[in-house]
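Chemist: The listed protein sequences derive, respectively, from chains A and B. For the first sequence, this note's numbering gives the first residue as 1, with consecutive numbering after it. For the second sequence, this note's numbering gives the first residue as 1, with consecutive numbering after it. Using N, Cα and C, we set each Cβ at its ideal position, and we do this for glycine too. Fair warning: this is a prediction, and the values are worked out from it, not measured in the lab. Encoded as structure tokens, here's the structure I'll be asking about.
Protein chains: 2
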Amino acid sequence: MKQYKGYLIDLDGTMYLGKEPIEAAADFIDALSAKNIPYLFVTNNSSKTQKAVSDKLNAMGIKSTPDKVVTTSLATAKYIKQQKADARCYVIGEEGIYHALEKEGLIIAEENCDFVVAGIDRAINYEKLAQACIEVRNGATFISTNSDIAIPTERGLLPGNGALTSVITVSTGKKPIFIGKPERIIMDEAVEMLGLPKADTLMVGDNYNTDIRAGINAGIDTLMVFTGVTPFGELESLEKRPDYYVQSLREWTDKI
Amino acid sequence: MKQYKGYLIDLDGTMYLGKEPIEAAADFIDALSAKNIPYLFVTNNSSKTQKAVSDKLNAMGIKSTPDKVVTTSLATAKYIKQQKADARCYVIGEEGIYHALEKEGLIIAEENCDFVVAGIDRAINYEKLAQACIEVRNGATFISTNSDIAIPTERGLLPGNGALTSVITVSTGKKPIFIGKPERIIMDEAVEMLGLPKADTLMVGDNYNTDIRAGINAGIDTLMVFTGVTPFGELESLEKRPDYYVQSLREWTDKI
């Protein structure tokens with residue numbers, strides 16, 4: 001089996017489940033760290049800053065630093081900056097997306113925007129959606145941090161950003177550019193940050209439709225772990241199987 | 001040309017444009033009234049009560065009474081009552097839908113609901129959408145007052161109920177039963193209230209995709225007027241043309 005020189009690793013379902021760490025996660029990261037193998041966490045979460053995500057991981061005993069966390073907000077901000085360095089952005093979202101856009105020097109504005117950026121926003125309201133529709137109809141490029149339709153919570157599955165985004169899509173008839181997994185955009189950003197060839201990189205995740213498809217779409221080998229969203233029973237019926245799979249990351253730690 | 005014994009008439013774009021009456025509207029209604037031809041107004045508006053809509057018409061000199069107004073809220077409430085007379089309903093919407101459901105004796109509740117009812121709600125928030133998703137996932141029948149994707153306002157096209165509804169559709173994967181035009185449900189309610197055979201009834205409206213399709217779907221003859229949404233230029237390319245069309249209702253008043 002191939003020795004990978006760098007890892008891209010999903011968070012929810014792979015490193016933790018909501019507020020609980022997954023048992024094998026800390027050891028897995030320690031093993032990478034012990035062998036000086038670089039890794040980045042790649043998350044569709046747009047609501048938190050890199051530091052907030054990193055702090056959460058450290059509190060669970062999983063070694064991280066803010067610059068090891070690639071959020072969809074970070075990838076969105078970098079993507080927009082590449083298109084237009086002084087872009088005006090109309091933003092729907094929480095702390096993470098505002099922080100990332102500002103950090104890249106982009107302008108957050110209420111009208112005459114170049115981009116409409118939609119991320120999960122649990123303070124969503126009609127006015128925000130209305131202005132976003134107006135900006136998109138006026139020609140702003142419509143970007144959505146990720147297409148996740150539901151967020152697992154203790155209360156059940158609540159609407160995800162892909163569901164909120166659909167208000168603007170349905171009303172204006174314009175489809176957004178999605179940044180997060182399974183799209184290539186976040187993966188290409190992560191690969192660039194990791195600084196290694198794709199052929200030497202492994203994408204690790206639990207969710208076939210986001211993590212594994214992201215690896216496939218980006219041309220990166222994949223390791224699937226059955227501690228999260230996609231049940232083992234679905235493996236046989238998958239359209240294209242991951243390169244490797246394990247029930248627990250514990251099975252992989254010795255192979256690092 | 002056929003003499004119709006009853007009329008179903010759209011409001012916005014046919015009787016008025018936003019806050020302004022359409023010039024020929026009052027005379028058109030007066031002509032029906034003078035010949036004792038019964039008529040009902042059929043609107044996809046779910047936010048206002050029948051009385052509020054009727055008051056607006058009267059203030060414009062267009063003869064109406066509350067019982068001449070068929071809103072999607074009224075049609076929704078009657079539809080649900082037919083399914084289950086003491087149904088528990090989780091409601092997203094404004095005054096009109098609450099009023100209509102309560103008037104039919106239905107129970108407005110926060111959980112364990114038989115139906116989720118989504119109407120336009122300019123006080124929409126994440127919690128309302130979240131609870132609606134939970135109820136739908138728990139088996140509640142999902143109903144949406146209408147599928148209109150945009151609302152014309154002085155500010156531009158703002159998100160309509162069909163756009164807001166899509167959050168629940170996309171997140172849960174369950175499509176709603178739509179009540180309003182172009183669906184048959186509101187038309188069948190209106191025909192029943194009018195108490196005349198469909199063959200003697202004419203549907204009048206400006207919007208091909210809602211009003212005229214509603215007539216076609218319900219098997220009712222249609223009169224299209226070009227004072228609203230659908231421009232005259234589109235007539236040639238319509239999939240199925242209306243039975244009659246006029247530039248202004250003034251052209252039809254003599255034929256009543």
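Inspect the CB distances between the stretch 117-133 of chain B and the stretch 6-18 of chain B and report whether three or more fall short of 8 Å.
Modeler: In short, these stretches do not touch, since the Cβ pair count stays below three.
Chemist: Taking the C-alpha atoms as reference points, what is the distance between A:K51 and A:R250?
Modeler: Along the first sequence, one-based indexing puts residue 51 of chain A at 51. Along the first sequence, one-based indexing puts residue 250 of chain A at 250. If you take the alpha carbons of A:K51 and A:R250, they lie about 27 Å apart.
Chemist: Is it buried or exposed, B:P159, if we count other Cβ atoms within 10 angstroms and call 16 or more buried?
Modeler: Residue mapping note: residue 159 of chain B aligns to position 159 of the second sequence, counting from 1. Label assigned to B:P159: buried.
Chemist: Give the residues from the stretch 15-49 of chain B that approach chain A closer than 9 Å (Cβ to any Cβ), ordered along the chain.
Modeler: Those residues of the stretch 15-49 of chain B that come within reach of chain A (Cβ to Cβ, closer than 9 Å) do not exist; the list is empty.
Chemist: Just reading off the beta strand (DSSP E) that A:C89 is part of, what are its end residues?
Modeler: Counting from one through the first sequence, the residue named residue 89 of chain A turns up at place 89. Counting along the chain, the beta strand (DSSP E) containing A:C89 begins and ends at R88 to I92.
Chemist: Can you find a CB in chain B that lies within less than 7 Å of the CB of A:G156?
Modeler: The sequence position of residue 156 of chain A within the first sequence is 156, counting from 1. A:G156 counts as touching chain B.
Chemist: Express the C-alpha separation of A:Y245 and A:Y208 in angstroms, rounding to a whole number.
Modeler: Locating residue 208 of chain A in the first sequence gives position 208, counting from the first residue. Locating residue 245 of chain A in the first sequence gives position 245, counting from the first residue. So the two alpha carbons sit approximately 11 Å from each other.
Chemist: Would a check of beta-carbon distances place B:I92 closer than 7 Å to chain A?
Modeler: As a position in the second sequence, residue 92 of chain B is number 92, starting the count at 1. So no, B:I92 is outside the interface.
Chemist: Within the continuous alpha helix (DSSP H) that includes B:L101, where are the two ends?
Modeler: Working through the second sequence from its first residue, we reach residue 101 of chain B at position 101. E95 to K103 is the extent of the alpha helix (DSSP H) around B:L101.
Chemist: Using a C-beta to C-beta distance shorter than 8 Å, which residues of chain E count as neighbours of A:G160?
Modeler: Of the chains in the structure shown, none is chain E; the protein chains are A and B.
Chemist: Is there a Cβ from chain A that is less than 7 Å from the Cβ of B:C133?
Modeler: Counting from 1 along the second sequence, the entry for residue 133 of chain B is found at position 133. Yes, B:C133 counts as interfacial toward chain A.
Chemist: Can you pull the chain A residues whose beta carbon is under 9 Å from the beta carbon of B:T98, in chain order?
Modeler: Working through the second sequence from its first residue, we reach residue 98 of chain B at position 98. According to the sequence shown, residue 98 of chain B is Tyr rather than Thr. Those do not exist, as B:Y98 stays about 17 Å from chain A at its closest Cβ, beyond 9 Å.
Chemist: Put B:E23 into one of helix, strand or coil per three-state DSSP.
Modeler: For the purposes of this step, residue 23 of chain B is identified with residue 23 of the second sequence, where counting begins at 1. DSSP places B:E23 in coil when its eight states are reduced to three.
Chemist: Would a C-beta distance cut-off of 7 Å place B:A77 and B:A100 closer than the cut-off?
Modeler: What you label residue 77 of chain B is simply residue 77 of the second sequence in a count that begins at 1. What you label residue 100 of chain B is simply residue 100 of the second sequence in a count that begins at 1. Result yes, Cβ atoms of B:A77 and B:A100 sit closer than 7 Å.
Chemist: Taking A:V167 as the query, report the chain B residues whose CB atoms sit under 8 Å from its CB, ordered along the chain.
Modeler: Taking the first sequence and counting its residues from 1, one reaches residue 167 of chain A at position 167. Within chain B, the residues near A:V167 are P159, A163, L164, S166 and V167.
Chemist: I'd like to check one pair, B:T222 with B:I212: are the Cβ atoms closer than 7 Å?
Modeler: Residue 212 of chain B sits at position 212 when you count from the first residue of the second sequence. Residue 222 of chain B sits at position 222 when you count from the first residue of the second sequence. Cβ distance < 7 Å, so B:I212 and B:T222 count as in contact.
Chemist: Could you tell me how far apart the beta carbons of B:S46 and B:G96 are, in whole angstroms, since I believe they sit closer than 8 Å?
Modeler: As a position in the second sequence, residue 46 of chain B is number 46, starting the count at 1. As a position in the second sequence, residue 96 of chain B is number 96, starting the count at 1. About 5 Å; that satisfies the 8 Å criterion.
Chemist: So B:T65 packs on B:S54, CB below 8 Å; how close in whole Å?
Modeler: If you number the second sequence from 1, residue 65 of chain B lands on position 65. If you number the second sequence from 1, residue 54 of chain B lands on position 54. The pair is a contact, with the Cβ atoms about 6 Å apart (cut-off 8 Å).
Chemist: For A:D12, list the residues DSSP reports as bridge partners.
Modeler: For the purposes of this step, residue 12 of chain A is identified with residue 12 of the first sequence, where counting begins at 1. Paired residue(s): A:Y16.
Chemist: Only counting runs of 3 or more residues, tell me where the beta strand (DSSP E) segments fall wholly within the stretch 196-234 of chain A, in order along the chain.
Modeler: The qualifying runs are 201-205 and 221-225.
Chemist: Thinking C-alpha only, which one of B:S171, B:P176, B:S166 and B:T172 is nearest A:T172?
Modeler: For the purposes of this step, residue 172 of chain A is identified with residue 172 of the first sequence, where counting begins at 1. With distances taken between Cα atoms, A:T172 lies closest to B:S166.
Chemist: Okay, do the stretch 176-185 of chain A and the stretch 142-151 of chain A touch, 3+ Cβ pairs below 8 Å being the bar?
Modeler: Enough Cβ pairs lie closer than 8 Å, so yes.
Chemist: Tell me whether the beta-carbon of B:I134 lies closer than 7 Å to the beta-carbon of A:G156.
Modeler: By 1-based counting over the second sequence, the position of residue 134 of chain B is 134. By 1-based counting over the first sequence, the position of residue 156 of chain A is 156. Result yes, Cβ atoms of B:I134 and A:G156 sit closer than 7 Å.
Chemist: Does A:I149 get closer than 7 Å to chain B when you measure Cβ to Cβ?
Modeler: Mapped onto the first sequence, residue 149 of chain A falls at position 149. At least one chain B Cβ lies under 7 Å of A:I149.
Chemist: Restricting to Cα atoms, I'd like to know which of B:F28, B:L32 and B:K19 is closest to B:K56.
Modeler: Counted from its first residue, the second sequence places residue 56 of chain B at position 56. Checked all of B:F28, B:L32 and B:K19; the closest Cα to B:K56 is B:K19.
Chemist: Take B:K35 as the anchor and find which of B:G205, B:R184 and B:Q3 has the nearest alpha-carbon.
Modeler: Counting from 1 along the second sequence, the entry for residue 35 of chain B is found at position 35. Of the candidates B:G205, B:R184 and B:Q3, the one whose C-alpha sits nearest the C-alpha of B:K35 is B:Q3.
Chemist: Which residues in chain A have a C-beta closer than 7 Å to the C-beta of B:L129? List them in chain order.
Modeler: Residue 129 of chain B sits at position 129 when you count from the first residue of the second sequence. Simply P159.
Chemist: So which residues of chain B does A:Y79 contact, with C-beta pairs closer than 9 Å?
Modeler: Looking up residue 79 of chain A in the first sequence gives position 79. The contacting residues do not exist; A:Y79 stays about 23 Å from chain B at best.
Chemist: Can you check whether the C-beta of A:I124 is within less than 7 Å of a C-beta belonging to chain B?
Modeler: The residue given as residue 124 of chain A occupies position 124 in the first sequence. By this cut-off, A:I124 is an interface position.
Chemist: Whole angstroms are fine: how far does the CA of A:D206 sit from the CA of A:L194?
Modeler: Residue mapping note: residue 194 of chain A aligns to position 194 of the first sequence, counting from 1. Residue mapping note: residue 206 of chain A aligns to position 206 of the first sequence, counting from 1. Whole-angstrom Cα-Cα distance: 21 Å.
Chemist: Is it buried or exposed, B:A59, if we count other Cβ atoms within 10 angstroms and call 16 or more buried?
Modeler: Against the second sequence, residue 59 of chain B aligns to sequence position 59. With fewer than 16 other Cβ atoms within 10 Å, it is exposed.
Chemist: State the start and end residues of the unbroken beta strand (DSSP E) segment that holds B:L158.
Modeler: By 1-based counting over the second sequence, the position of residue 158 of chain B is 158. Residues G156 to P159.
Chemist: Could you tell me if B:F232 is buried or exposed, where buried requires 16 or more neighbouring beta carbons within 10 angstroms of its beta carbon?
Modeler: What you label residue 232 of chain B is simply residue 232 of the second sequence in a count that begins at 1. Exposed, since its Cβ has fewer than 16 Cβ neighbours within 10 Å.
Chemist: I need the DSSP call for B:P152, collapsed to helix, strand or coil.
Modeler: The count along the second sequence starts at 1 and reaches residue 152 of chain B at position 152. In the structure shown, B:P152 sits in a strand (DSSP, three-state: E or B).
Chemist: If you run the structure through DSSP and keep just helix, strand and coil, what is A:Y245?
Modeler: Here residue 245 of chain A refers to the residue found at position 245 when the first sequence is read from its first residue. Note: A:Y245 maps to strand in three-state DSSP.
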